[in-house]
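Taken in sequence, the protein lines are chains A and B. So in numbering that gives the first Met the number 0, spot 158 of the first sequence is number 157, and the numbers just go up one at a time. So in numbering that gives the first Met the number 0, spot 19 of the second sequence is number 18, and the numbers just go up one at a time. Cβ coordinates follow ideal geometry from the N, Cα and C atoms, glycine included. This structure is a prediction, so every number in the text was calculated from the model and none was measured. Notes to accompany the following structure.
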Amino acid sequence: MQHVAFFLFAAILMIAAFMTVIARNPIRSALFLVLAFFAAAALWILLEAEFLGLVLILVYVGAVMTLFVFVIMTLNIDVTEKQRGFVAYLPYAIISVAVLLGILIYALGSFSAPPDIHLLNGEGYSNTQALGDILYTQYAYPFEIVGVLLLVAIIASIALNVKEKRFNKAIPPEQQMTAKRENRLRIIKMPSNKKI
Amino acid sequence: MIPMHYYLLLAAVIFSLGLLGLVINRKNILILLMCVELLLLAVNMNFITFSHYGHDLAGQIFVFFILAVAAVEAAIGLAILIVLFRTRHSIEVDALNRLKG
Numbered sequence: 000m001q002h003v004a005f006f007l008f009a010a011i012l013m014i015a016a017f018m019t020v021i022a023r024n025p026i027r028s029a030l031f032l033v034l035a036f037f038a039a040a041a042l043w044i045l046l047e048a049e050f051l052g053l054v055l056i057l058v059y060v061g062a063v064m065t066l067f068v069f070v071i072m073t074l075n076i077d078v079t080e081k082q083r084g085f086v087a088y089l090p091y092a093i094i095s096v097a098v099l100l101g102i103l104i105y106a107l108g109s110f111s112a113p114p115d116i117h118l119l120n121g122e123g124y125s126n127t128q129a130l131g132d133i134l135y136t137q138y139a140y141p142f143e144i145v146g147v148l149l150l151v152a153i154i155a156s157i158a159l160n161v162k163e164k165r166f167n168k169a170i171p172p173e174q175q176m177t178a179k180r181e182n183r184l185r186i187i188k189m190p191s192n193k194k195i
Numbered sequence: 000m001i002p003m004h005y006y007l008l009l010a011a012v013i014f015s016l017g018l019l020g021l022v023i024n025r026k027n028i029l030i031l032l033m034c035v036e037l038l039l040l041a042v043n044m045n046f047i048t049f050s051h052y053g054h055d056l057a058g059q060i061f062v063f064f065i066l067a068v069a070a071v072e073a074a075i076g077l078a079i080l081i082v083l084f085r086t087r088h089s090i091e092v093d094a095l096n097r098l099k100g
């Protein structure tokens, strides 16, 4: 049963990843990547990492890929004129990637797998609780740093995309504070005109 | 029980596919960003596999942080992409020669 699930989702994952790479239309590529994330989440849940599997679906499919699709829709790229240089690099790419994959498979072949001890976690075990227990104690500082990093991302993406008005008439507050009465108001003595 | 090899092989294949996409897609930065996501997915899968078979939750904590950093990277990358498209009216990799690098 577990094998069936593993091979099913592994096949989906590999096909979806392949289609992500070779798809001509970026929107199709993004949707195949969503499918790949779903399959990967299923595999992670099979590995008893339930929390991370669900986080992958929520954060990636729910937020990051939505952002990707949003940007693709916004940019309105011309689909026909892209991917012209697709074939030019193909031989080198395939050779180098095949060499890398061969090395990885060779390394895994000589890798002596540990005996499958694999104690299934007990009845009342919660992956989320176990992660939270060490995330908020042992890894509290990295967790806070990640929070700061997300804040930096928010500020950076807003600052990159804000459109400043070229001729803005508003005066900055610090200049308003330094304004004196003498700069603005001039009192002129004039003789009054009495004879009419 | 599924042997550990299978997961590691699957992650190696996904990583290679992502790398292939990085090399052959020279036209569209969006697809390059998506291929980076694929690479990160493969790395995360390795982490979770070792965490599962090694009975150590540190791997899963690391995956959690990688997910957060990858989300940050995607957000800033797409923001830069939009600015780039606004100034150059193109997101082709080969068109990015303003710095004459």
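Cα-Cα, which of Gly-52/A, Leu-34/A, Ala-178/A, Ile-26/A is closest to Met-13/A? Leu-34/A
Using 8 angstroms for Cβ pairs, my map puts Ile-93/A next to Pro-25/A. What's the rounded Cβ distance? That belief does not hold up - the Cβ atoms of Ile-93/A and Pro-25/A are roughly 22 angstroms apart, past 8 angstroms.
Please state whether DSSP places Ile-133/A in a helix, a strand or coil. helix
How long is the line joining the alpha carbons of Leu-39/B and Ala-39/A, rounded to whole angstroms? 12 angstroms
According to a CB-to-CB cut-off of less than 7 angstroms, which residues of the stretch 70-87 of chain B neighbour chain D? Among the protein chains in the structure shown, which are A and B, there is no chain D.
Beta-carbon proximity of Ile-75/B to Ala-158/A, cut-off 8 angstroms: no
Whose Cβ in chain B lies nearer than 8 angstroms to the Cβ of Met-13/A? Leu-9, Val-12, Ile-13, Leu-16
Please state the DSSP three-state secondary structure of Tyr-105/A. helix
Measuring CA to CA, which of Ile-28/B, Leu-95/B, Phe-64/B, Gly-53/B is closest to Glu-143/A? Phe-64/B
I'd like to know if Phe-49/B contacts chain A, where contact means its C-beta is closer than 8 angstroms to some C-beta of that chain. no
Do Ile-23/B and Tyr-88/A have their C-beta atoms within less than 8 angstroms of each other? yes
When the Cα of Ala-8/B is compared with those of Ala-169/A, Gly-101/A, Leu-134/A, which residue comes out closest? Here residue 8/B is Leu; the residue named in the question, Ala, does not match the sequence. Selected option, being the one with the closest Cα: Gly-101/A.
Where does Ala-87/A fall in DSSP's three states? coil
Put Arg-27/A into one of helix, strand or coil per three-state DSSP. helix
Listed by chain order, chain A residues near Val-62/B by CB distance under 7 angstroms: Leu-51
Please list the terminal residues of the continuous alpha helix (DSSP H) segment that includes His-54/B. Careful: His-54/B lies outside any alpha helix (DSSP H) and carries neither H nor E.
Is the beta carbon of Ile-104/A closer than 8 angstroms to that of Ala-11/B? yes
Glu-91/B by DSSP, collapsed to three states: which one? coil
Any residues in the stretch 19-45 of chain B with a beta carbon nearer than 7 angstroms to a beta carbon of chain A? Which ones, in chain order? Leu-19, Gly-20, Val-22, Ile-23, Arg-25, Lys-26, Asn-27, Leu-29, Ile-30, Met-33, Cys-34, Glu-36, Leu-37, Leu-40, Met-44
On the three-state DSSP scale, how would you describe Ser-199/A? The structure shown does not extend to residue 199/A, since chain A spans only 0 to 195, so no value can be given for it.
Between which two residues does the alpha helix (DSSP H) carrying Ala-10/B extend? 3-23
Excluding the five sequence neighbours on either side, which residues of its own chain have a C-beta within less than 6 angstroms of the C-beta of Phe-160/A, listed in chain order? In the sequence on display, residue 160/A carries Asn and not Phe. Around Asn-160/A: no qualifying Cβ.
Neighbour flag for Leu-95/B against chain A, beta carbons, 8 angstroms: no
C-beta neighbour in chain B for Leu-34/A, strict 8 angstroms: no
Apart from the five residues on each side of it in sequence, which residues of its chain come closer than 7 angstroms, Cβ to Cβ, to Leu-130/A? Phe-50
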